Every structure is written in structure tokens, then in C-alpha cells.
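Worksheet: the structure to be examined is printed underneath.
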Amino acid sequence: MSALHEIRRVRHELVRRELTVLRTQHLSPHYLRVTFGGQALAGFTSLGFDDHVKLFFPDPADPQGEPSMRDYTPRRYDAQRQELEIDFVLHGHGPAASWAARASVGQTLVLGGPRGSNVIPADFAVNVLVGDATAWPAISRRLEELPAEAGAWVIVDLGEVADTLPFRSRADVHIQWLHGDTATSGERLVAAVAALPLPDADTHFWAAGETTAMRQVRPAFVARGGPKAWIKAAGYWRRGAAGAHETIEE
Ligand SMILES: Cc1cc2nc3c(=O)[nH]c(=O)nc-3n(C[C@H](O)[C@H](O)[C@H](O)COP(=O)(O)OP(=O)(O)OC[C@H]3O[C@@H](n4cnc5c(N)ncnc54)[C@H](O)[C@@H]3O)c2cc1C
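As C-alpha cells, then:
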């Protein structure tokens with residue numbers, strides 16, 4: 001039995017799997033859901049809403065060369081049907097977004113991990129979830145997993161109103177959608193975090209998105225008080241850099 005608010009790190013055996021695209025679905029102009037299947041998914045485990053898998057994208061110009069590795073969130077895994085959903089942001093550059101834009105049924109892709117899960121328990125009274133388009137798969141998974149007695153204060157910054165997506169949750173969710181140029185996402189998110197009307201209760205703070213923006217958001221979390229162990233911020237991509245993934249500690 002876990003102690004109250006105990007954040008657990010669980011290691012998984014690192015397995016590489018070759019998966020097949022079963023379906024693709026445009027959720028909005030810039031979100032594409034790809035459903036992968038295949039016997040290779042047997043034993044796939046993802047315990048944490050912000051787990052990540054590594055996807056290996058071959059270079060279409062040099063299929064035998066070294067593939068590009070990128071991190072993605074296992075949005076939903078159905079063990080019975082052996083189906084894994086991943087939601088791709090179609091941002092228009094890079095091997096991953098380009099692969100997704102062209103993905104078709106029957107195509108294969110190699111996936112590795114998750115190597116581990118950082119399980120943030122669902123027993124916090126308040127869950128602050130902040131991020132940009134790349135964080136939405138993890139945030140919407142968290143909202144689905146939270147119990148009815150939890151509260152969630154969510155701020156999502158998206159480039160376009162048309163990419164605002166529906167979500168399901170039993171929790172009491174207060175959500176703000178922000179829109180604008182991704183270059184100024186940090187400023188918008190910081191102002192929204194500072195203005196959150198949070199109740200005085202145990203609060204877990206989580207954020208992910210563009211690295212520079214997340215470096216601004218983390219201090220805004222710290223300013224809201226509470227133990228640092230209950231704050232997690234990560235850079236999911238970095239403007240002008242390929243395949244960036246950074247944990248933001250300070
Ligand atoms: C733990 C983790 C989980 C993630 N989960 C998801 C997920 O579920 N869905 C998802 O879509 N992404 C997710 N990401 C983000 C994704 O890994 C990055 O966006 C990655 O850079 C995409 O690779 P690429 O090959 O498309 O572009 P890259 O080759 O990495 O980059 C090419 C260019 O595009 C820019 N770029 C990269 N990403 C974006 C973006 N989102 N918007 C605008 N410009 C961008 C880069 O700055 C660079 O200039 C996650 C990242 C991490 C670390």
C-alpha cells in the first residue's frame with residue numbers, strides 16, 4: 001500500500017516492438033491520432049500519464065540509415081485489443097511530424113519503452129496541469145484517470161482555437177484554453193498560473209511544453225507554494241532544436 005502522495009518510480013524491462021498502423025484519425029487541424037496494433041504489443045505497460053515511448057523514424061531518403069528517435073506519450077493502451085493510441089501534433093517539421101502527416105494503414109514503426117513510469121498518485125486534492133499542444137495527450141490522459149473527488153486546474157496554450165479538443169473526466173475540472181503565437185506561450189502561461197484561484201489544499205503541479213516556456217512556468221509554480229517534490233516541469237521540445245527532452249529542476 002502506498003503512503004499518501006507517494007510518487008513512485010517503476011522500472012520496466014526495455015522492449016523494442018514493431019507495430020502496425022491500424023487506423024489514423026484527424027482530431028483537429030493539427031492533431032492526428034494514430035492507433036497501432038500487433039502481437040508485439042503483448043506485455044506493453046504504461047503506468048504513468050506522463051510516460052513516454054521512443055519512436056524510431058526511418059529517413060525516407062535513406063531507409064537503411066540510422067532512424068531518428070523521438071519521444072511520445074502513450075495516450076491510451078487497450079490491453080485486451082492490443083491497441084495503442086498516440087496523438088501527434090502536426091507541426092510541419094521534423095521526421096516525426098512528417099511521418100505522422102503521411103501515416104497510412106499497414107505501415108510499420110518501431111517503438112521502444114516505456115523504460116519506466118513516474119507514477120504521480122491520483123490522491124492529491126488539486127492537480128494543476130499546464131502545457132502546450134504536445135502536453136495535451138498527457139493532460140487528457142490524466143483527466144481521464146483522476147477520480148471524482150479530485151480537482152483539476154488546467155491551462156493549455158494552443159496555436160489555434162480549432163485545435164481545442166474535448167476531454168472526459170470524472171474529476172472537477174476547471175480548464176482554460178489560451179491561444180497565440182508559441183513564441184510567447186511562456187508569458188501567457190505564467191500569467192494564467194499566477195491568477196489561478198486555487199483552493200488551499202494539497203496540490204500537485206505539472207507542466208510540459210516548449211523548454212523556454214517551461215523554464216518560465218516552473219518558478220510560477222514555486223511561487224504558488226507547496227513542496228518542491230510536488231512540482232514537475234519538463235521541456236517536451238525546444239524551438240530550433242531537434243528531438244529535445246529536458247527535465248526542468250530549477
Ligand atoms: C516525454 C515527452 C512526451 C511527448 N509526447 C508527445 C505527444 O504525445 N505528442 C506530440 O505531438 N509530441 C509529443 N512530444 C513532443 C515531441 O517529441 C517533439 O515535438 C519532437 O520534437 C517532434 O519531433 P519531430 O521529428 O516532429 O521534430 P524535430 O526534428 O524534433 O524538430 C524539428 C523542428 O521542429 C520544431 N518543433 C518540434 N516540435 C514542435 C512542436 N510541437 N511545435 C512546433 N515546432 C516544433 C523544433 O524546434 C525544430 O525546429 C513529447 C515529448 C516528450 C519529451
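Position 212 (the sequence shown) corresponds to 212 in my numbering; numbering is contiguous.
Here a beta-carbon is modelled for each residue, glycine too, at the ideal position from N, C-alpha and C.
Owing to the predicted nature of the structure, the values given are computational and were not obtained by experimental measurement.
Top-ranked residue by Cα proximity to residue i, from the options
i, options, result
"Glu6", "Val130, Glu250 and Pro227", "Pro227"
"Val126", "Gly243, Glu160, Thr182 and Leu196", "Leu196"
"Arg16", "Leu109, Ser140, Pro74 and Pro58", "Leu109"
"Ala42", "Leu32, Leu19 and Gln25", "Leu19"
"Ala194", "Ala244, Asp202, Val130 and Glu246", "Val130"
"Pro147", "Gly159, Gly106, Leu158 and Pro121", "Pro121"
"Gly113", "Ala244, Leu14 and Arg9", "Leu14"
"Ser2", "Thr184, Thr247 and Val119", "Val119"
"Ser68", "Ser169, Asp62, Arg75 and Pro58", "Pro58"
"Arg75", "Gly48, Trp177, Trp230 and Gln64", "Gly48"
"Tyr31", "Trp230, Pro137 and Glu145", "Pro137"
Contact set for residue i: own chain, Cβ-Cβ below 6 Å, skip 5 residues either direction
i, result
"His251", "One cannot answer for residue 251 here, as it falls past the ends of the chain, which runs 1 to 250."
"Lys232", "Trp206"
"Phe167", "Ser140 and Leu143"
"Arg70", "Leu55, Ala96 and Gly243"
"Asp50", "Ala138"
Residue i classed as buried or exposed, judged by whether at least 16 other C-beta atoms fall within 10 angstroms
i, result
"Gln39", "exposed"
"Glu249", "exposed"
"Val156", "buried"
"Arg11", "exposed"
"Ala100", "buried"
"Arg239", "exposed"
"Val105", "exposed"
"Arg188", "buried"
"Arg23", "exposed"
"Leu4", "exposed"
"Ala229", "exposed"
"Thr35", "buried"
Neighbourhood of residue i by C-beta, 7 Å cutoff - its chain only, sequence neighbours within 5 removed
i, result
"Ser28", "Ala162, Asp163 and Leu165"
"Tyr77", "Phe44, Ser46 and Leu84"
"Tyr72", "His52, Val53, Leu55 and Ile86"
"Ala242", "Gly94"
"Ala201", "Ala125 and Val126"
Anticipated Cβ contact below 8 Å, residue i with residue j, distance rounded
i, j, result
"Ala220", "Val173", "About 20 Å separates the two Cβ atoms, so there is no contact after all."
"Gly186", "Ala135", "13 Å between Cβ atoms; not a contact."
"Val21", "Ala103", "6 Å"
"Arg26", "Phe124", "Checking the sequence, you will find His at residue 26 rather than Arg. With a Cβ gap of about 34 Å, His26 and Phe124 do not count as contacting."
"Gly159", "Ala133", "7 Å"
"Arg211", "Gly180", "Looking at the sequence provided, one finds Thr at residue 211 rather than Arg. Not really, about 18 Å apart at Cβ, beyond 8 Å."
"Gly37", "Gln82", "6 Å"
"Ala192", "Gln176", "6 Å"
Chain-order list of residues whose beta-carbon lies under 8 Å from that of residue i (same chain, five-residue window excluded)
i, result
"Leu198", "Val126, Val128, Trp153 and Arg224"
"Gln80", "none"
"Ala61", "none"
"Arg9", "Gly116, Ser117, Asn118 and Val119"
Proximity test, residue i beta-carbon vs ligand 2 heavy atom, cut-off 7 Å
i, result
"Asp62", "Among the ligands modelled here, namely ligand 1, ligand 2 does not occur."
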